[in-house]
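**Student:**
Protein chains: 2
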Amino acid sequence: MQRENISDIIEAYLKTILAQEAAVEIRRAEIARRFNCVPSQINYVIKTRFTPARGYIVESKRGGGGYIRIVKVKLTDDQDLVQIMRQHIPKRLRLRDARDLIQELFDNSLISQQSGNLLLAAMNHETLGILDQGTEEHLRSRMFLAFLDRLRYER
Amino acid sequence: MQRENISDIIEAYLKTILAQEAAVEIRRAEIARRFNCVPSQINYVIKTRFTPARGYIVESKRGGGGYIRIVKVKLTDDQDLVQIMRQHIPKRLRLRDARDLIQELFDNSLISQQSGNLLLAAMNHETLGILDQGTEEHLRSRMFLAFLDRLRYER
DNA sequence: TTGACTTTGACCAATCTTGACTATTACACA
DNA sequence: TGTGTAATAGTCAAGATTGGTCAAAGTCAA
Numbered sequence: 001m002q003r004e005n006i007s008d009i010i011e012a013y014l015k016t017i018l019a020q021e022a023a024v025e026i027r028r029a030e031i032a033r034r035f036n037c038v039p040s041q042i043n044y045v046i047k048t049r050f051t052p053a054r055g056y057i058v059e060s061k062r063g064g065g066g067y068i069r070i071v072k073v074k075l076t077d078d079q080d081l082v083q084i085m086r087q088h089i090p091k092r093l094r095l096r097d098a099r100d101l102i103q104e105l106f107d108n109s110l111i112s113q114q115s116g117n118l119l120l121a122a123m124n125h126e127t128l129g130i131l132d133q134g135t136e137e138h139l140r141s142r143m144f145l146a147f148l149d150r151l152r153y154e155r
Numbered sequence: 001m002q003r004e005n006i007s008d009i010i011e012a013y014l015k016t017i018l019a020q021e022a023a024v025e026i027r028r029a030e031i032a033r034r035f036n037c038v039p040s041q042i043n044y045v046i047k048t049r050f051t052p053a054r055g056y057i058v059e060s061k062r063g064g065g066g067y068i069r070i071v072k073v074k075l076t077d078d079q080d081l082v083q084i085m086r087q088h089i090p091k092r093l094r095l096r097d098a099r100d101l102i103q104e105l106f107d108n109s110l111i112s113q114q115s116g117n118l119l120l121a122a123m124n125h126e127t128l129g130i131l132d133q134g135t136e137e138h139l140r141s142r143m144f145l146a147f148l149d150r151l152r153y154e155r
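These protein sequence lines are chains P and D, in that order. Residue 5 in full-length UniProt numbering is what sits at position 5 of the first sequence, and the numbering runs on without skipping anything. Residue 20 in full-length UniProt numbering is what sits at position 20 of the second sequence, and the numbering runs on without skipping anything.
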């Protein structure tokens with residue numbers, strides 16, 4: 001099955017590098033040439049796949065000698081992660097962002113796999129879908145904040 | 001033979017694959033073409049035959065490179081309690097009843113303390129309180145059903 | 001006839017791709 | 001020192017490519 005789209009392929013390529021190095025530094029045009037796509041495609045990949053919710057920080061510089069650098073953040077203090085997340089939960093939380101956040105919590109050993117799965121079930125569109133979209137996302141945000149608060153007390 | 005409807009045929013086709021692989025990944029339009037039906041028929045088949053209660057998880061993605069993936073999950077050995085609970089969840093679930101049910105799950109070692117706490121946070125009145133009482137209790141019921149379905153899976 | 005299940009199709013939503021236009025930076029050179 | 005130019009990256013919106021939803025119409029057995 002090779003119906004993968006270019007974005008996924010580029011994502012995989014970058015993650016291959018990140019699996020070995022703490023950061024990747026690329027030149028946008030070069031990557032675009034390598035994967036035979038327009039340069040702005042790289043921005044799309046970064047914006048959708050290397051988000052803060054997934055634990056990435058992206059820096060760049062334009063002009064001669066310009067670059068894009070992707071860094072995988074590794075926090076040493078778990079309490080910080082909860083705090084930081086808490087401060088950045090928007091009033092309305094989309095399902096895909098919630099997924100990423102839960103994955104982050106799991107990756108950092110703050111919740112078990114079971115907990116993650118159950119939370120996902122709770123915040124799923126299947127479950128909340130009886131609400132209008134605005135209310136659904138608002139409620140998802142509230143639920144996530146409640147989780148995080150509970151996580152803080154647990155420790 | 002000639003009595004079979006398309007939905008049954010598509011169901012059988014997918015299950016043939018699932019008998020050999022742990023998951024099927026399809027493109028909706030392609031399957032629809034193969035069986036000479038409209039694409040939304042595939043959604044109907046999935047919704048009626050590949051439900052969580054029957055041990056399937058369905059994921060999908062739209063847009064370029066989109067897909068529908070059906071995963072057959074292993075059911076846990078001991079699920080009597082889950083089954084019984086599932087059959088008795090009312091359309092509207094009050095918080096105090098939800099508490100008791102979660103406690104029951106914990107007492108029977110079906111969920112960890114962490115999971116229980118997080119679920120409680122999710123279904124709390126603090127969290128769901130922005131809804132009117134009817135909606136709140138209805139949603140709590142839906143959430144609980146979603147939990148129970150998840151609990152039946154091993155992963 | 002009725003009610004459950006199936007089939008269809010119009011319309012909706014999410015995701016990816018592309019390209020025109022914009023913003024920044026380094027460097028050469030007046 | 002100032003300024004123009006080449007080299008880079010960023011933004012945004014239109015278009016393409018998928019799957020999702022819903023309700024009306026069809027089918028069939030009790």
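Backbone N, C-alpha and C fix where the C-beta goes; we use that ideal spot for every residue, glycine too. Keep in mind the model is a prediction, meaning the values are calculated, not measured.
(1) Taking 8 Å as the threshold, find out whether the stretch 111 to 126 of chain P comes into contact with the stretch 141 to 148 of chain D through three or more Cβ pairs.
(2) Please give the ranges of any alpha helix (DSSP H) in the stretch 39 to 70 of chain D, keeping only runs that are unbroken, at least 4 residues long and fully inside the region.
(3) Reducing DSSP to helix, strand and coil, say where residue 22 of chain P ends up.
(4) Would you list the one or two residues that DSSP bridges to residue 72 of chain P?
(5) Going by DSSP, what residue range makes up the alpha helix (DSSP H) through residue 100 of chain D?
(6) Flag this pair as yes or no: are the beta carbons of residue 84 of chain P and residue 14 of chain P separated by less than 8 Å?
(7) Would residue 94 of chain D and residue 137 of chain D qualify as a contact pair, given that the criterion is a beta-carbon distance under 8 Å?
(8) How would you write the range of the alpha helix (DSSP H) that residue 77 of chain P sits in, first residue to last?
(9) In or out: residue 115 of chain P buried (at least 16 other Cβ within 10 Å) or exposed?
(10) Examine chain D for any beta-carbon lying closer than 8 Å to the beta-carbon of residue 114 of chain P, and answer yes or no.
(11) Look up residue 153 of chain D in the DSSP assignment and give the residues it is bridged to.
(12) Could you tell me whether the stretch 5 to 20 of chain D touches the stretch 32 to 42 of chain D, using the rule of 3 or more Cβ pairs below 8 Å?
(13) I need the boundaries of the alpha helix (DSSP H) containing residue 129 of chain P, first residue and last residue.
(14) I need the DSSP call for residue 1 of chain D, collapsed to helix, strand or coil.
(15) Pick helix, strand or coil for residue 12 of chain D, following the three-state DSSP scheme.
(16) Give me the chain D residues within the contact set of residue 8 of chain P, using Cβ-Cβ distance strictly less than 7 Å, ordered along the chain.
(17) Which same chain residues end up closer than 8 Å to residue 9 of chain D when comparing Cβ atoms and leaving out the 5 residues on each side of it in sequence?
(18) Roughly how many angstroms separate the alpha carbons of residue 92 of chain P and residue 140 of chain P, rounded to a whole number?
(19) Which residues in chain D have a C-beta closer than 7 Å to the C-beta of residue 143 of chain P? List them in chain order.
(20) Applying a beta-carbon distance threshold of less than 8 Å, which residues of chain D neighbour residue 111 of chain P?
(21) Hey, does residue 147 of chain P have any beta-carbon neighbour from chain D nearer than 8 Å?
**Tutor:** Reading off the structure:
(1) yes
(2) 39 to 49
(3) Locating residue 22 of chain P in the first sequence gives position 22, counting from the first residue. Looking at residue 22 of chain P - three-state DSSP - the assignment turns out to be coil, as it is neither helix nor strand.
(4) The residue given as residue 72 of chain P occupies position 72 in the first sequence. As a beta-bridge residue in DSSP terms, residue 72 of chain P pairs with P:56.
(5) On the second sequence, position 100 is the one that residue 100 of chain D refers to. For residue 100 of chain D, the enclosing alpha helix (DSSP H) covers residues 95 to 107.
(6) Position 84 of the first sequence, counting from 1, holds the residue named residue 84 of chain P. Position 14 of the first sequence, counting from 1, holds the residue named residue 14 of chain P. No. Outside cutoff.
(7) Counted from its first residue, the second sequence places residue 94 of chain D at position 94. Counted from its first residue, the second sequence places residue 137 of chain D at position 137. For residue 94 of chain D and residue 137 of chain D, yes; Cβs fall inside 8 Å.
(8) By one-based count along the first sequence, residue 77 of chain P stands at place 77. Note, residue 77 of chain P: premise wrong, no alpha helix (DSSP H); not H, not E.
(9) On the first sequence, residue 115 of chain P is found 115 positions in, with the first residue counted as 1. Classified as buried, residue 115 of chain P has 16 or more neighbouring CB atoms from the shown chains inside 10 Å of its CB.
(10) By 1-based counting over the first sequence, the position of residue 114 of chain P is 114. At least one chain D Cβ lies under 8 Å of residue 114 of chain P.
(11) Position 153 of the second sequence, counted from the start, is the residue given in the question as residue 153 of chain D. In DSSP, residue 153 of chain D forms a bridge with D:75.
(12) yes
(13) Translated into the one-based positions of the first sequence, residue 129 of chain P becomes position 129. Run containing residue 129 of chain P: none; DSSP gives neither H nor E here.
(14) Numbered from 1 along the second sequence, position 1 holds the residue referred to as residue 1 of chain D. For residue 1 of chain D, the predicted model reports a pLDDT of 38, less than 50, meaning its position is unreliable; a value from the coordinates is still stated below. Of the three classes helix, strand and coil, the one that applies to residue 1 of chain D here is coil, per DSSP.
(15) As a working note, residue 12 of chain D is residue 12 in the second sequence. Reduced to three states, the DSSP call for residue 12 of chain D is helix.
(16) Locating residue 8 of chain P in the first sequence gives position 8, counting from the first residue. Going along chain D in sequence order, the residues near residue 8 of chain P (Cβ under 7 Å) are 65.
(17) Here the question's residue 9 of chain D lines up with position 9 in the second sequence. Taken in chain order, the residues that qualify are 35.
(18) Counted from its first residue, the first sequence places residue 92 of chain P at position 92. Counted from its first residue, the first sequence places residue 140 of chain P at position 140. So the alpha carbons of these two residues sit roughly 7 Å apart.
(19) As a position in the first sequence, residue 143 of chain P is number 143, starting the count at 1. Listed along chain D are 122, 127, each with a C-beta nearer than 7 Å to that of residue 143 of chain P.
(20) Translated into the one-based positions of the first sequence, residue 111 of chain P becomes position 111. Those within 8 Å of residue 111 of chain P in chain D are 114, 118.
(21) Here residue 147 of chain P is taken as the residue at index 147 of the first sequence, counted from 1. For residue 147 of chain P, a Cβ of chain D is located within less than 8 Å of the residue's own Cβ.
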